[in-house]
Amino acid sequence: MKLLIASWGNFENWREVKYRFGDETSVGPSTLPILQKAIEPDWTVIVLPETLGRDFSSLEALREELTVRVQAFLERIGVGREVDVLLVPGIGKFEHGTFEGSAMDVYYKALHGLSQVIPTDGDLEVHFDITHGLNYVTFLVHRALRELLGIRALTSETIFKAYNSDPFVPKLSSELGINVIEDVRVEPHPLTEGLLGLSEYLVPYSIEKRALEELKRELKAFGLIKSEKRKLEAWIGAIVFGLPLLFAEDFPETEPIGETVDELMETWESHVEVSDKSVKRRLAFGRGFGVLVKLVFQARVLEKFKLDIPPSLDDLYKVSEMLFWGANRDRAKVELGKIEGKAIAYARAKCFPDWMPLRDFSGFTNANTAIVPRNLLAHAGLEANATEVRMEDWNVKDAQREARKHTFLRYSSKVKRRVEEITVKALGGA
């Protein structure tokens, strides 16, 4: 799939110019037609700042009026493929109005919007045109885009290309070439941040802190964040450190997290004040909001790796092979291999033990019973005192081939919290 994303400024002020891209040429006020013709994207997204809006009767009216104008412009330049318009907040004083708020809201709104349109599975080419972009808006959109693409690259081939035209000089520019300024295969980069404290999701811009605290007490979002924080952070850490069993057991449900993000977004929007030639955002998004958005996106990307609980050795092998990399993958395969070797020996002896500590299953009768953080991480989370093993009884024909399919792992309910706490603490220092 191909996705074309363009960051735009004041499109109604652009002049007619001849553009060249490879063997293609086009005359018009925008690079979009020639890029669509050359790239043939399946979908196009225009990112536009709300500072171009002129109807200050309400926030909805401002957005609707701007959307109508940009749609008319797209029709005028003959854009034939499907196009979405993603509006992001902006700041500044202009002849038509004043826009106040945090500049970083552009990043968080773009992060949220792009996470809804970027496909989570399959090979993808993302083409990003910054020719017509507005300084800080383009920079923050680029940041949001690359972070999301790093997450999807965990499982799927992802190519990123960026474009910019030659500079336009009045009376001298007869033809502008469109240049490729970035062309890379995106490297996998999972989420590495924890969920942060409750003060990091919505922060005051012009609202009083006391009013904000009262507002937070009314939101369901903070209850979920508080109750699920350890488990969600442990899942993030399981990917960072290559802990397959913890990854399986703590895999999050995306719906409640998505609802939390939606509630925070709606609360932020309900505190945007629009009056005569003025837009004031009383709240700003904090870092925690960005973490939540990326967490939901990462869970959607990895949904195909969600396992039945308890997982089999075979399931954990597959997850480790496809999701982890480098030393993390090697450690996980070594530790799973040790358990598999013992399971093969049990199966050949026609012995199929029910749930028992991995310490006993492996014959570590004299092992230290304390769960040491270093040991937990060094053994891919399969620490002998924390992990339990069960083998189901089956008609053994080829134990070497089949044992991993009939051997299951879980964490002891008595120490599961300890495993999560160790992982969360390690994530804080990652």
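Just so we're aligned: the sequence shown equals residues -9 to 420 in our numbering. A virtual CB, placed ideally from N, CA and C, is assigned to each residue, including glycine.
- Only residues of its own chain outside the window of five on either side were considered, and among them Thr110, Thr244 have a CB closer than 8 angstroms to the CB of Glu293, listed in chain order.
- Counting other Cβ atoms within 10 Å of its Cβ, His86 stays below 16 and is therefore classed as exposed.
- If you draw a 10 Å sphere on the C-beta of Thr355, you find fewer than 16 other C-beta atoms in it, and that means exposed.
- For Ala339, no beta strand (DSSP E) segment is defined, and its DSSP state is neither H nor E.
- Using a C-beta cut-off of 8 angstroms, the segment 386 to 397 makes contact with the segment 294 to 306, since at least three inter-stretch Cβ pairs fall below that distance.
- Per DSSP, Trp33 is one residue of the beta strand (DSSP E) stretching across 33 to 39.
- Contact between the segment 138 to 154 and the segment 72 to 83 is not established, with fewer than three Cβ pairs separated by less than 8 angstroms.
- Between the segment 158 to 176 and the segment 231 to 241 there are fewer than three inter-stretch CB-CB distances shorter than 8 angstroms, so the stretches are not counted as touching.
- Around Pro180, the same chain offers Ile141, Leu144, Ile229, Val230, Gln288 as residues with beta carbons nearer than 7 angstroms, after the five sequence neighbours per side are excluded.
- By the 16-neighbour rule on beta-carbons within 10 angstroms, Lys332 is buried.
- The beta strand (DSSP E) runs of length 3 or more contained entirely in the segment 156 to 189 are, from start to end of the chain, 166 to 175.
- Boundaries of the beta strand (DSSP E) around His117: 114 to 119.
- A Cβ-Cβ contact shorter than 8 angstroms links Leu22 with Ala(-4).
- DSSP places Gly82 in the uninterrupted beta strand (DSSP E) bounded by 82 to 84.
- For Gly87, the enclosing beta strand (DSSP E) begins and ends at 87 to 90.
- Ranked by Cα distance from Thr34, the options Leu(-6), Ala28, Ala51, Asp13 are led by Leu(-6).
- Using a C-beta cut-off of 8 angstroms, the segment 180 to 191 makes contact with the segment 264 to 277, since at least three inter-stretch Cβ pairs fall below that distance.
- Here Ser403 carries a coil assignment [DSSP, helix/strand/coil].
- Here Asp113 is exposed. Its C-beta has fewer than 16 other C-beta atoms within 10 Å.
- One thing to note: Pro234 has its Cβ within 8 angstroms of the Cβ of Ala322.
- Val96 places its beta carbon less than 8 angstroms from that of Gly80.
- With a cutoff of 8 angstroms on beta-carbon distance, Leu56 and Leu25 are scored as not near each other.
- Within the segment 360 to 389, the alpha helix (DSSP H) runs of at least 4 residues that lie entirely inside it are, in chain order, 363 to 368.
- In this chain, the alpha helix (DSSP H) harbouring Glu50 covers 49 to 66.
- If you draw a straight line from the Cα of His102 to the Cα of Val283, it is about 6 angstroms long.
- Ser402 and Glu378 do touch by the CB rule: their CB atoms are close to 5 angstroms apart, below 8 angstroms.
- About 6 angstroms separates the Cβ atoms of Leu124 and Pro39, confirming a contact at the 8 angstroms cut-off.
- Contact between Ile226 and Leu399 does not hold, since the beta-carbon distance rounds to 21 angstroms and is not under 8 angstroms.
- Taking each of Arg408, Ala389, Leu273 in turn and checking the Cα distance to Asn365, the smallest one comes out for Arg408.
- Runs of alpha helix (DSSP H) with 4 or more residues, each lying fully within the segment 221 to 262, are found at 234 to 239, 244 to 260, listed in chain order.
- Looking at the DSSP output, Asn318 sits in no beta bridge, so it has no partner there.
- Counting only the Cα atoms, Leu326 lies some 15 angstroms from Ala376.
- When the beta-carbon positions are compared, Ile120 and Ala152 come within less than 8 angstroms of each other.
- Looking at the backbone, the Cα of Met(-9) and that of Val116 are separated by about 9 angstroms.
- Taking a cut-off of 8 angstroms on C-beta distances, the segment -2 to 11 does not touch the segment 210 to 224, as fewer than three cross pairs fall below it.
- In the three-state reduction of the DSSP assignment, Glu14 falls in the strand class, which pools E and B.
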